[in-house]
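In full-length UniProt numbering, the protein residues as written are 1 to 694. Some notes on the structure that comes next.
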């Protein structure tokens with residue numbers, strides 16, 4: 001029998017098709033493991049919706065790609081044919097594609113040219129509970145499109161969908177609830193502590209407490225239970241790398257102790273505890289269930305090839321331990337997981353409207369997220385969940401996560417919508433997200449007025465909007481480039497300085513969303529080689545130099561091995577660059593791509609950064625250690641990863657790409673700028689700065 005027939009969604013196929021036939025919108029709740037993300041497209045394709053394309057959105061790139069591969073395998077076809085995917089800067093579809101997995105950002109960009117979604121018979125918004133900005137905006141555009149396209153079907157689905165909010169947004173919609181997990185779960189909470197573990201971690205930023213608690217839980221599982229892999233939820237990449245390091249060290253100590261004392265699997269952990277400092281309480285643990293641990297990290301910035309390791313079975317005699325961020329909550333289903341260790345924490349980007357500063361905040365998860373994490377343990381059999389927080393902490397969590405549109409910088413979406421409605425000449429909604437009336441555009445949860453003002457001001461400073469909030473020609477072109485607004489403006493500005501080729505490379509390297517170096521990045525030989533690539537004037541030219549070395553290399557694999565480059569990151573940068581060239585030449589009508597003759601003309605690149613990035617100029621303070629951002633009067637520090645961090649003295653004026661607030665306020669991707677250039681290229685800013693100094 002087809003394995004699909006065993007999944008819960010299959011048993012509700014007739015109900016789903018019947019309700020979708022009688023209603024334009026279907027809200028589908030399917031618990032973890034119900035098969036909604038894989039079977040719904042198959043059911044639709046086989047039951048009358050194949051005339052046009054069935055598109056399914058995912059909030060994450062890895063999910064769109066892995067789901068497309070899985071469904072293609074299920075339908076016995078190659079990816080890119082009947083089943084394809086499209087993610088930012090990578091399109092794996094063809095004319096015969098009928099089932100198409102995309103990121104929500106890709107579909108939103110398509111809507112710039114096709115507001116009625118005319119190429120699609122059904123639009124499926126998956127993981128709607130995550131409330132990403134682009135998914136929320138897509139729902140608003142879809143609601144408008146449905147009024148003009150009565151044949152368009154929309155399915156909104158998730159594992160934790162709170163149907164009341166979505167039902168209010170789509171009056172008269174049909175609802176189908178599909179149970180998923182059929183296996184029992186045992187949930188264990190931490191005993192009542194003297195201090196709230198979650199609050200201590202958040203307020204004191206004591207990440208070692210988090211790692212130690214997770215470490216003990218993993219060892220307890222490995223000593224107590226014979227079968228089943230472990231999934232550990234951690235806030236971020238740094239926490240994953242720290243715990244992996246701790247685990248490897250602890251296992252090494254245990255092995256050395258066993259070897260020195262000839263302890264067999266009948267030995268007890270209470271004896272070993274005293275020698276290894278593994279704190280597991282007073283309970284003795286026998287070694288009869290001990291297995292070697294295969295540690296597999298999983299986070300968004302990890303190359304796709306390394307992410308795929310989580311789907312592989314561990315080596316015989318090993319237990320797989322997956323250390324993951326919230327990407328493993330719903331975006332991917334990992335086989336073999338019987339145990340979940342939940343830290344109860346997540347790192348989320350928060351945008352402060354007041355000072356226009358983005359912070360990576362450590363926060364408690366919601367109840368929805370906690371339940372999602374727990375559900376991962378019950379996919380293949382009875383599971384156990386170890387929550388590293390108390391039951392009271394769980395009860396105090398908010399019901400669901402804050403919609404991204406209410407806590408993030410919305411300037412990119414603001415611009416995309418401005419471009420869309422301007423191009424469509426819909427005069428009564430040109431201000432659909434305008435400051436005058438932000439509610440003109442339908443959103444489930446509208447951003448604050450201050451957030452809209454902040455977005456409008458940022459776009460005004462980038463010359464995308466005029467003083468009345470209307471879209472400029474520059475803004476229209478920026479909106480057609482699939483980059484952050486500041487990077488799009490930088491690219492458009494490059495023509496003035498004849499360095500478009502170099503800026504293309506730099507923004508592509510900044511847009512990969514992958515770590516540039518491999519896990520062996522601390523290899524001394526590779527580190528020494530990389531230092532030779534560093535440009536003393538800063539990070540932007542260093543990125544340019546690294547890409548050129550890789551791109552010009554006759555053997556790119558050897559080049560990556562030699563310098564410790566992550567081949568996936570450089571390959572993606574190359575793909576991004578190619579697509580941006582296509583956008584410039586085919587959509588914006590650029591006849592050629594001007595560039596510098598050689599590195600002797602790279603001053604033009606820095607001048608372009610100065611002109612386009614004037615909001616991101618910073619001047620060295622009298623202490624010689626910190627900088628002040630001119631446009632925000634905010635004191636910041638160079639990030640330790642910057643090429644300039646080891647320079648003495650620090651350059652007087654710099655331009656940066658990004659400013660974030662973690663433990664300190666850091667500026668990232670920083671380059672030296674001449675004060676003479678500021679005076680010449682930005683006379684108004686230079687005059688203003690000089691008045692402030694006097």
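Just so it is clear, CB atoms sit at the ideal spot from N, CA and C, and this is done for glycine as well. Owing to the predicted nature of the structure, the values given are computational and were not obtained by experimental measurement.
- About 5 Å separates the beta carbons of residue 232 and residue 323, which is inside the 8 Å limit, making them a contact pair.
- For residue 636, the closest C-alpha among the options 627, 642 and 644 is that of 627.
- Residue 105 sits in a helix when the DSSP states are folded into three classes.
- A straight line joining the alpha-carbon of residue 99 with that of residue 91 spans about 13 Å.
- Between residue 670 and residue 656, the beta carbon gap of about 5 Å places them in contact (Cβ cut-off 8 Å).
- Residue 89 is a Cβ neighbour of residue 575, given a cutoff of 7 Å.
- A residue is called buried when at least 16 other Cβ atoms come within 10 angstroms of its Cβ; residue 409 meets this threshold and is buried.
- Here residue 479 is not near residue 580, since their CB atoms are 7 Å or more apart.
- Ranked by how close their Cα comes to the Cα of residue 502, the residues 577, 558 and 444 have 577 in first place.
- Counting only residues of its own chain and dropping the five nearest sequence neighbours on each side, residue 639 has a CB closer than 8 Å to the CB of 645, 666, 667, 668 and 670.
- Close CB contacts of residue 386 within its chain, under the 6 Å cut and outside five residues either way in sequence, are with 188, 217 and 341 (chain order).
- Here the segment 120–139 makes contact with the segment 49–56; the two share three or more CB pairs at distances below 8 Å.
- Secondary structure within the segment 372–427: the beta strand (DSSP E) runs of 3 or more consecutive residues, fully enclosed, are 383–387 (chain order).
- Between residue 149 and residue 116, the C-beta spacing is below 7 Å.
- Proximity to residue 38 across 48, 64, 14 and 24 peaks at 64, based on C-alpha coordinates.
- The C-alpha of residue 159 lies about 37 Å from the C-alpha of residue 664.
- In the same chain as residue 603, and ignoring 5 residues on each side of it, no C-beta atom comes closer than 7 Å to its own.
- The beta carbon of residue 569 sits closer than 6 Å to those of 512, 514 and 516, all from its chain and outside the five residues before and after it, given in chain order.
- In the three-state reduction of the DSSP assignment, residue 619 falls in the strand class.
- Within the model, the alpha-carbon separation for residue 587 versus residue 658 is close to 28 Å.
- Of the candidates 228, 226 and 219, 219 places its Cα closest to the Cα of residue 252.
- Counting of Cβ neighbours within 10 angstroms places residue 312 among the exposed residues, the total staying below 16.
- Taking 7 Å as the cut-off, the beta carbon of residue 607 is found closer than this to the beta carbon of residue 497.
- In this structure, the beta-carbon distance from residue 27 to residue 156 falls below 7 Å.
- Between the segment 444–457 and the segment 397–413 there are three or more C-beta pairs closer than 8 Å, enough to call the two in contact.
- Short of 8 Å from the beta carbon of residue 179, and not among the five residues preceding or following it, lie these beta carbons of its own chain, in chain order: 8, 31 and 34.
- The three-state secondary structure of residue 611, taken from DSSP, is helix.
- According to DSSP, residue pairing for residue 529 in a beta bridge does not occur.
- Assignment of residue 146 by DSSP, reduced to helix, strand and coil, places it in the helix class.
- Between residue 58 and residue 103, the beta carbon gap of about 6 Å places them in contact (Cβ cut-off 8 Å).
- The beta carbon of residue 80 is closer than 7 Å to those of 92, 93 and 94 in its chain, skipping five residues each way along the sequence.
- Beta-bridge pairing by DSSP links residue 324 to 233 and 298.
- Note on geometry: alpha-carbon atoms of residue 152 and residue 24 lie some 7 Å from one another.
- Here DSSP, grouped into helix, strand and coil, assigns residue 577 to helix.
- Around the beta-carbon of residue 335, fewer than 16 other beta-carbon atoms lie within 10 Å, marking it exposed.
- For residue 12, the secondary structure class from DSSP, reduced to helix, strand or coil, is coil.
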